[in-house]
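Here is the structure we will look at, set down as structure tokens.
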Amino acid sequence: MKEIATITEIDCDKRKFTNHSGRKTFIQISKSEGISDNDVMSVSRHKNPHSLAYYERPKSILQQNTLSQINSLIYNDTLLSNDKTANSFSSALEIFNGKI
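For our numbering, count along the sequence shown from 1 and bump the result up by 1463.
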């Protein structure tokens, strides 16, 4: 793991990295990007989808990702036709709450 961290220029002097750290990060990123459990399991070699639940990020992070996607949809579709712009997470919340 240290060799990989050195090659990728990740500073591992103040943090402990293990193979499990890489596995956990892979699963969290894959799940947050909407990759199916079956696809994640085929790479991580988990046999039971319930075992992936241990790796899931807090729901607030998933909510931020979802609102970011909604913001992108609104910005590309609705806001352009209304001559309004939104380019941040807070803008998506303002739109959702009817402030814009």
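Ideal Cβ placement from N, Cα and C applies to all residues, glycine included.
Cα-Cα separation, residue i to residue j
| i | j | result |
| --- | --- | --- |
| tyrosine 1517 | leucine 1536 | 31 Å |
| tyrosine 1538 | glutamine 1526 | 18 Å |
| threonine 1471 | isoleucine 1498 | 24 Å |
| asparagine 1511 | aspartate 1474 | 33 Å |
| threonine 1488 | leucine 1530 | 22 Å |
| lysine 1479 | glutamate 1519 | 20 Å |
| lysine 1477 | asparagine 1528 | 28 Å |
| glutamine 1532 | alanine 1468 | 31 Å |
| histidine 1513 | asparagine 1534 | 31 Å |
| arginine 1486 | glutamate 1466 | 16 Å |
Near the ligand PLP: residue i beta-carbon under 7 Å from a heavy atom
| i | result |
| --- | --- |
| alanine 1468 | With respect to the ligand PLP, the structure shown offers nothing to examine, as it has no ligands at all. |
Expected contact under 8 Å - CB spacing of residue i and residue j to nearest Å
| i | j | result |
| --- | --- | --- |
| aspartate 1500 | leucine 1515 | 6 Å |
Legend entry - Inter-stretch contact (C-beta, 8 Å, three-pair minimum) for the segment 1506-1522 and the segment 1478-1497: Three or more beta-carbon pairs separated by less than 8 Å link the segment 1506-1522 to the segment 1478-1497, which places the two stretches in contact.
Inset, instruction - Jot down the residue ranges of each uninterrupted alpha helix (DSSP H) in the segment 1464-1507, minimum 4 residues, whole runs only, in chain order. - result: 1465-1470, 1482-1495, 1500-1507
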